[in-house]
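>
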Amino acid sequence: KKKHIMKIVKTKHRMATLTFPIKDRSALMALKMDKVVAGFINGFGGKPEKNDKSWEITALRELYEETGKGMLGYEKDLVFCARMTFYFYRKKNPSFEVLIYTLHKWIGKPTSTIEMKNPRWHSFKNKKDREKIYSKMMPQNGQFMDLVVNGLLKWFKQRTVGFQIKEKAVLCSKISPTDKNHLGTISN
13 KKKHIMKIVK TKHRMATLTF PIKDRSALMA LKMDKVVAGF INGFGGKPEK
63 NDKSWEITAL RELYEETGKG MLGYEKDLVF CARMTFYFYR KKNPSFEVLI
113 YTLHKWIGKP TSTIEMKNPR WHSFKNKKDR EKIYSKMMPQ NGQFMDLVVN
163 GLLKWFKQRT VGFQIKEKAV LCSKISPTDK NHLGTISN
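Start counting at 1 in the sequence shown, then tack on 12, and there's your number in my numbering.
1. Taking Met157 as the reference, which of Pro131, Glu87, Lys59 and Ile112 has the closest Cα?
2. In or out: Leu30 buried (at least 16 other Cβ within 10 Å) or exposed?
3. Would you check if there are 3 or more beta carbon pairs closer than 8 Å linking the segment 59-67 to the segment 139-152?
4. Using the beta-carbon count (16 or more within 10 Å), is Arg132 buried or exposed?
5. Considering Cα atoms alone, identify which of Gly85, Gly58 and Arg73 is closest to Lys117.
6. Does DSSP put Lys47 in a helix, in a strand, or in coil?
7. On the three-state DSSP scale, how would you describe Lys129?
8. Please confirm whether Gly55 and Ser124 have their CB atoms less than 8 Å apart.
9. Indicate whether Leu43 and Ile34 have their beta-carbon atoms separated by less than 8 Å.
10. Within a Cβ cutoff of 6 Å, which residues of the same chain sit near Gly82, ignoring the five residues on either side of it in sequence?
11. With the cut-off set at 8 Å, would you say Ala39 and Phe136 are in Cβ contact?
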């Protein structure tokens, strides 16, 4: 597998990763305890650190840290799904972008951390389960999670979603399907 090296350049927005471990049409997620998505269940991810050499390493390091050093994955087992671009309300330029991955093989078990509470498997097998999960997720995540769990995101058409967080911050996101140039530049 070709390694993707990050270039550090100045941009007007930040980039991050988001990883969803997947097994038996279920996704491992936990309650996010801080930042913009606090109070929603989500996958595991965050911004790159100085020593991260690729987006895949960032994704796996964040998974390891946010599962209480309980889950260890390998680059060869990560699957890139999509790029999600967030725009703060009424701004032309993106505020941040998130590279979304799935992971189907790993070692270990997750535990709660200060950042991510009560990690557990969420089933996407039937409509009732999906609706319950979507009500606990950020609205744009519910737009594509069923496709992520079933490995179908590559057929997903680009879509823009508007939603509100914490009664004040209104965001819009653009969800793009996979492409060969998903690994762009980042700013620290």
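Positions of the beta carbon are idealized from the N, C-alpha and C atoms, including for glycine. This structure is a prediction, so every number in the text was calculated from the model and none was measured.
Let's see:
1. With distances taken between Cα atoms, Met157 lies closest to Ile112.
2. With 16 or more other Cβ atoms inside 10 Å of its own Cβ, Leu30 counts as buried.
3. The answer is no - the segment 139-152 does not touch the segment 59-67, with fewer than three Cβ pairs under 8 Å.
4. Exposed: under 16 other Cβ atoms inside 10 Å.
5. Here the closest residue by C-alpha is Gly85.
6. Coil at Lys47, not helix or strand.
7. If DSSP states are grouped into helix, strand and coil, Lys129 belongs with the strands.
8. Going by C-beta atoms, Gly55 is not nearer than 8 Å to Ser124.
9. With respect to the 8 Å criterion, Leu43 and Ile34 are not classified as neighbours on the basis of their beta carbons.
10. If we look at Gly82 and ignore the five residues flanking it on each side, its Cβ neighbours are Gly120, Lys121, Pro122 and Thr123.
11. For Ala39 and Phe136, yes; Cβs fall inside 8 Å.
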